[in-house]
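Q: Quick note, the sequence shown lines up with residues -6 to 547 if you use my numbering. Quick reminder that beta carbons are idealized off the backbone N, C-alpha and C, glycines included. These numbers were taken from a predicted model, which means no experiment stands behind them.
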Amino acid sequence: MSPVLAGVLQLLALIAALALAYRPLGDHMARVYSSEKHYKPEKWIYKAIGANPSAEMRWPAYLRAVLAFSAVSVLFLYGLQRLQGVLPGSLGFSSIDPDQAFNTAASFVANTNWQSYYGEQAMGHVVQTGGLAVQNFVSAAVGMAVAVALVRGFARSRTGELGNFWADLVRGTVRILLPIAVIGAIVLVACGAIQNFAGIHEVGQFTGGTQQWNGGAVASQEVIKELGTNGGGYFNANSAHPFENPTPFSNLFEIFLILVIPFAMTRTFGRMAGSLRQGYAILATMATIWLGFTALMMWTEFAHHGPAFDVAGGAMEGKETRFGIGGSAIFSVATTLTSTGAVNSFHSSYTGLGGGIQLLGMQLGEIAPGGVGSGLYGMLIMAIIAVFIAGLMVGRTPEYLGKKIGTSEIKFAACYILITPALVLCFTAAAMALPTPPNSMLNSGAHGFSEVLYAYTSGANNNGSAFAGLNADTQWFNSTIGIAMLLGRFLPMVFVLALAGSLAEQKPVPETAGTLRTDKPLYTGLLVGTILIVTGLTYFPALALGPLAEGLAS
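(1) Would you identify the three-state DSSP class for residue 206, choosing helix, strand or coil?
(2) Under the assumption that residue 185 contacts residue 239 (Cβ atoms under 8 Å), give the Cβ distance between them as a whole number of angstroms.
(3) Run the CB neighbour count on residue 510, radius 10 Å, all protein chains shown included, and call it buried at 16 or more, exposed below.
(4) Relative to the alpha-carbon of residue 262, which residue among 369, 355, 343 and 359 has its alpha-carbon at the smallest distance?
(5) For residue 480, I'd like the list of residues in its chain whose CB is within less than 8 Å of its CB, leaving aside the five on either flank, ordered along the chain.
(6) Kindly list the residues whose CB is nearer than 7 Å to the CB of residue 133, restricted to its own chain and excluding five residues on each side of it in sequence; keep chain order.
(7) Quick one, which of 34, 348, 212 and 498 has its alpha-carbon nearest residue 543's?
(8) Whole-angstrom Cβ separation of residue 308 and residue 318, contact assumed at under 8 Å?
(9) Going by alpha carbons, who is nearest to residue 493 out of 145, 6 and 50?
(10) Can you check DSSP and say which residues form a bridge with residue 193?
(11) Measuring straight from C-alpha to C-alpha, what distance separates residue 471 and residue 461?
(12) Near residue 5, what residues of its chain come up, given a Cβ to Cβ distance below 8 Å and the 5 sequence neighbours on each side ignored?
(13) Where does residue 401 land, buried or exposed, given buried means 16+ other C-beta within 10 angstroms?
(14) Measuring CA to CA, which of 315, 78, 286 and 9 is closest to residue 548?
(15) Closest by CA to residue 70, which one among 51, 443, 131 and 23?
(16) Once you ignore the five residues that flank residue 410 on each side, which residues in its own chain have a CB closer than 8 Å to its CB?
(17) Have a look at 160, 399 and 513 and flag the residue whose alpha-carbon is nearest the alpha-carbon of residue 271.
(18) Could you tell me the distance, in whole angstroms, from the CA atom of residue 340 to the CA atom of residue 352?
(19) Express the C-alpha separation of residue 162 and residue 140 in angstroms, rounding to a whole number.
(20) Alpha carbons only, please: which of 362, 338 and 313 is nearest the one belonging to residue 282?
(21) Assign residue 28 to one of two classes, buried (16 or more other C-beta atoms within 10 Å of its C-beta) or exposed (fewer than that).
(22) Going by beta carbon distance, what residues of the same chain come within less than 8 Å of residue 277, once the five residues before and after it are set aside?
(23) At what residues does the alpha helix (DSSP H) containing residue 469 begin and finish?
(24) Suppose the cutoff is 7 Å on Cβ atoms and the five residues either side in sequence are ignored; what does the same chain contact list for residue 20 look like?
(25) Which parts of the stretch 238 to 315 are runs of the alpha helix (DSSP H), unbroken and 4 residues or longer, counting only runs that do not cross its ends?
(26) When DSSP builds the beta bridges, which residues end up paired with residue 149?
(27) Give the straight-line distance between the Cα atoms of residue 354 and residue 321, rounded to the nearest whole angstrom.
(28) With the cut-off set at 9 Å, would you say residue 446 and residue 535 are in Cβ contact?
(29) Which residues share a DSSP beta bridge with residue 393?
(30) Which residues does DSSP pair with residue 60 in a beta bridge?
(31) Could you name the residues of the same chain whose beta carbon sits closer than 6 Å to that of residue 14, not counting the 5 residues immediately before and after it, in chain order?
(32) Here's the rule I'm using: 16 or more other beta-carbon atoms within 10 Å means buried, otherwise exposed. How should residue 522 be labelled?
(33) Under DSSP, the alpha helix (DSSP H) around residue 164 begins and ends at which residues?
(34) Does the pairing of the stretch 487 to 502 with the stretch 147 to 162 give three or more beta-carbon distances under 8 Å?
(35) Mind checking residue 428: buried by the 16 CB within 10 Å criterion, or exposed?
(36) State yes or no: is the beta carbon of residue 381 nearer than 9 Å to at least one beta carbon in chain D?
The structure is reproduced here in structure tokens:
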């Protein structure tokens, strides 16, 4: 079987699996967030944290709960890392330095999971399992809660109430993430991923050289790292490490985990908003961009440009022979079009244009299908922008799902789409202008610039993958990327929840003959074009200096 055919068959198998899971998972999530029943374990949690899950919240209260929970999470995870040296199960590792502890705490709480450290050489079992793995669950649940609050904003009328954050947080964790993670961990263990609390083993004594390998609860952390679109690896090699991702089947299964909730949430949106066809329109937009990017990535990496590529069957540098170009390309697009950050190949080794596709996928806002929760609310923001543009063209007040998009709504949407580009471009410019940060670049020229641009793009968009080649474990990069991750996660949530509150207070607008049908293919095409033009062109000058210049020169 040719490598190209193998890649195409993997893609078709993935699409079939996602299609099978779409309806049951999407409906299940809609029931979870619409239910008024509280299970007994959930009641224990509410009692422990002193929350009343039945009390409705307006958007300022919802936002305060999100920020308070996240701030406590950052402090807890920071303290856990700083105390690692005196904790049991530390595997002899010392406490984490302050700048790196801040960076890691910000990273995992912001659902970014950017890592400027070697996991197997820095973090013991307590920090990995009691700190990082826990944040993999709850940071994902926070994103889902905010997305559901925005959906309620569309679905409700004449009220500013958006639900209860604590109930949404707990239900998302207990009823959605935990059950799937348990089943997924069993599958990964069956594939060969490790799951233990063993110490450090020295191997290779009889082969002329030795290596030290850690044990760990890898399978359970791997599954939620993908399912929650987190991305932080137990090992530095991440999902290219055989302990995390042993076989081609586990590789395809992990891609499925990355994509299944973000895609299924479009059905949750349609079900809760009272129009499944609106959910299908959002799904079609996401799928169109995802399939287009996947096809482009496979083309760039399979293309033969020289004898080395001819022998290898494509650009195999930096890719695992277990997965090949097809499995690597599909994984790469899935991880950069979502806020996952897991990698099964060396992104810096992709072709110049392949690296540009990875960058652009993140810069679009990671909305195709995006992170758990964040992908849906990011896409709904773009849907509002598209409706507004259509309204300008025909001279009609824009409407979406029976709600008028007025001055306040469009301001909230505009602020949302401007935050991350401002963070990425300003921090990248500062890093390139100052004398010290460029010393961390392994390469010069266009590729070196791409390393820095990728780092801040990954951080501010809460992706977490690395282009590599950049020594980010410095005070400058740990501090600035940490700030970019926190601002890139929580500032957009301010405008999402404010928008949700504004929409929920409106009364429904009756549909007329002049109402733009947002559940038709015409609108889907308009939405795809809006995403590519409004967000893609924002970064075009920076992309021209980096991956485009490199790709055209090769």
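A: Reading off the structure:
(1) Residue 206 sits at position 213 when you count from the first residue of the sequence shown. Residue 206: strand per DSSP, three-state reduction.
(2) Taking the sequence shown and counting its residues from 1, one reaches residue 185 at position 192. Taking the sequence shown and counting its residues from 1, one reaches residue 239 at position 246. About 3 Å separates the two Cβ atoms, so the contact holds.
(3) As a position in the sequence shown, residue 510 is number 517, starting the count at 1. Flag for residue 510 reads exposed.
(4) Taking the first residue of the sequence shown as 1, we reach residue 262 at position 269. Closest option to residue 262, Cα to Cα, is 369.
(5) Position 487 of the sequence shown holds residue 480. 412, 416 and 453.
(6) Locating residue 133 in the sequence shown gives position 140, counting from the first residue. The answer, listed in chain order, is 104, 170, 221, 222, 223 and 365.
(7) Sequence index remark: in the sequence shown, residue 543 carries index 550 (1-based). Cα-wise, what sits closest to residue 543 is 348.
(8) Here residue 308 refers to the residue found at position 315 of the sequence shown. Here residue 318 refers to the residue found at position 325 of the sequence shown. That pair is a contact at about 7 Å.
(9) As a working note, residue 493 is residue 500 in the sequence shown. Of 145, 6 and 50, the residue nearest in Cα terms is 145.
(10) Position 200 of the sequence shown holds residue 193. According to DSSP, which records beta bridges pairwise, residue 193 is partnered with 207.
(11) Locating residue 471 in the sequence shown gives position 478, where the first residue counts as 1. Locating residue 461 in the sequence shown gives position 468, where the first residue counts as 1. Approximately 15 Å between the Cα atoms of the pair.
(12) Counting from one through the sequence shown, the residue named residue 5 turns up at place 12. Closer than 8 Å at Cβ, skipping near neighbours: no residue.
(13) By one-based count along the sequence shown, residue 401 stands at place 408. Classification of residue 401: exposed, given that the 10 Å Cβ count is below 16.
(14) This structure gives no information on residue 548, because the portion of the chain shown stretches from -6 to 547.
(15) What you label residue 70 is simply residue 77 of the sequence shown in a count that begins at 1. It is 131.
(16) The count along the sequence shown starts at 1 and reaches residue 410 at position 417. The answer, listed in chain order, is 358, 374, 375, 378, 527 and 528.
(17) Within the sequence shown, numbered from 1, the residue matching residue 271 stands at position 278. Closest option to residue 271, Cα to Cα, is 513.
(18) To locate residue 340, count along the sequence shown from 1; it is residue 347. To locate residue 352, count along the sequence shown from 1; it is residue 359. Whole-angstrom Cα-Cα distance: 10 Å.
(19) If you number the sequence shown from 1, residue 140 lands on position 147. If you number the sequence shown from 1, residue 162 lands on position 169. Looking at the two C-alpha atoms, the distance is approximately 11 Å.
(20) Stepping through the sequence shown from its first residue, residue 282 is reached at position 289. Among 362, 338 and 313, the Cα nearest to that of residue 282 belongs to 362.
(21) As a position in the sequence shown, residue 28 is number 35, starting the count at 1. Counting Cβ neighbours within 10 Å, residue 28 comes out exposed, since fewer than 16 surround it.
(22) As a position in the sequence shown, residue 277 is number 284, starting the count at 1. Hits under 8 Å: 514 and 517.
(23) The residue labelled residue 469 in the question sits at position 476 within the sequence shown. From DSSP, the alpha helix (DSSP H) with residue 469 extends over 468 to 498.
(24) On the sequence shown, residue 20 is found 27 positions in, with the first residue counted as 1. The residues are 260 and 264.
(25) 241 to 266, 269 to 295 and 300 to 305
(26) Along the sequence shown, read from residue 1 onward, the residue named residue 149 stands at position 156. DSSP output for residue 149 lists no bridge partner at all.
(27) Here the question's residue 354 lines up with position 361 in the sequence shown. Here the question's residue 321 lines up with position 328 in the sequence shown. Each residue's alpha carbon lies about 16 Å from the other.
(28) Residue mapping note: residue 446 aligns to position 453 of the sequence shown, counting from 1. Residue mapping note: residue 535 aligns to position 542 of the sequence shown, counting from 1. Yes.
(29) Translated into positions along the sequence shown, residue 393 becomes position 400. Bridge partners of residue 393: 396.
(30) As a working note, residue 60 is residue 67 in the sequence shown. According to DSSP, which records beta bridges pairwise, residue 60 is partnered with nothing at all.
(31) Mapped onto the sequence shown, residue 14 falls at position 21. So the qualifying residues of the chain are 253.
(32) As a working note, residue 522 is residue 529 in the sequence shown. Exposed is the call here.
(33) Start at 1 with the first residue of the sequence shown, and residue 164 comes out as number 171. Segment 158 to 164, the alpha helix (DSSP H) holding residue 164.
(34) yes
(35) Position 435 of the sequence shown holds residue 428. With fewer than 16 Cβ atoms within 10 Å of its Cβ, residue 428 is classed as exposed.
(36) Looking for chain D here will not work: only one protein chain is present.
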